[in-house]
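**Student:**
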Amino acid sequence: MKTHLFILLGSLLIAGCNTKDTKLQEARKAIAASNEIYFQAFVKGDSSIFIDRYAADCCIMPPGQPAICGPEAALEFFRTAYYKIGLRNGKFITTDVFGDGEEYVTEVGLWQSFDADNVMFDDGKFLVLWKKTDKGWKMFRDSFSSNHLSK
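And the structure:
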């Protein structure tokens, strides 16, 4: 009897771990797909692509300035990055994604920013808290900083 109970408990534990791993893998895939599209917003000059990466209740926390939060945050940040900074392309390099895959996961990585001549003008690191919404995984808290001292 004890052997059967031990096998049953072990099976349930393994099944629970597999479910968590599966959910985290699904989140990783969704994040990779979103990151693949992200900079197309700047290539095409289409803010709707950018806005769709974010949750409606997001906060974007750029270096050296207050957080931008709420439904207009993504549009405000896109306009600044596109028109004032001259961002036209970029790249994300995800180094880790962790969490339970249920409601939130955290992504850690590196980024690169390119201008209209495809010259890299900045790079740095980021930490994004992703939230599972009824529209899929969206950026909920986006914090990043440059690897370079500001001028």
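Residue numbers (the UniProt record's numbering): 1 to 151. Ideal Cβ placement from N, Cα and C applies to all residues, glycine included.
1) Where Gly64 and Asp100 are concerned, what is the direct C-alpha to C-alpha distance, given to the nearest angstrom?
2) Mind checking whether Ile68 and Glu76 have CB atoms under 7 Å apart?
3) In whole angstroms, what is the alpha-carbon distance linking Trp130 and Ala56?
4) Counting along the chain, where does the beta strand (DSSP E) carrying Ile49 start and finish?
5) Assuming Ala74 and Phe50 are in contact, meaning their beta carbons sit under 8 Å apart, how far apart are those beta carbons, in whole angstroms?
6) Per DSSP, what kind of secondary structure is Arg88 in: helix, strand or coil?
7) How many whole angstroms separate the CB atoms of Ser143 and Phe126, which I take to be in contact at a CB cut-off of 8 Å?
8) Comparing C-alpha positions only, which one of Ser47, Arg79, Trp111, Cys58 sits nearest to Tyr104?
9) Quick check: what's the CA-CA separation for Thr133 versus Ala27?
**Tutor:** So, to answer that:
1) As a first step, residue 64 must be located in the sequence shown, where it is residue number 64. As a first step, residue 100 must be located in the sequence shown, where it is residue number 100. Our two residues, Gly64 and Asp100, have alpha carbons roughly 31 Å apart in a direct line.
2) For this step, residue 68 is matched to residue 68 along the sequence shown. For this step, residue 76 is matched to residue 76 along the sequence shown. Yes.
3) By 1-based counting over the sequence shown, the position of residue 130 is 130. By 1-based counting over the sequence shown, the position of residue 56 is 56. So the alpha carbons of these two residues sit roughly 12 Å apart.
4) Against the sequence shown, residue 49 aligns to sequence position 49. Residue range 47 to 51 is occupied by the alpha helix (DSSP H) that includes Ile49, with no beta strand (DSSP E) assigned at that position.
5) Translated into positions along the sequence shown, residue 74 becomes position 74. Translated into positions along the sequence shown, residue 50 becomes position 50. Rounded, the Cβ-Cβ distance is 6 Å, consistent with contact.
6) Translated into the one-based positions of the sequence shown, residue 88 becomes position 88. Here Arg88 sits in coil by DSSP.
7) Against the sequence shown, residue 143 aligns to sequence position 143. Against the sequence shown, residue 126 aligns to sequence position 126. Rounded to whole angstroms, the Cβ separation of Ser143 and Phe126 is 7 Å, and the two are in contact under 8 Å.
8) Position 104 of the sequence shown, counted from the first residue, corresponds to residue 104. The alpha carbon of Tyr104 has as its nearest neighbour, out of Ser47, Arg79, Trp111, Cys58, the alpha carbon of Cys58.
9) Along the sequence shown, one-based indexing puts residue 133 at 133. Along the sequence shown, one-based indexing puts residue 27 at 27. Approximately 12 Å, taken between the alpha carbons.
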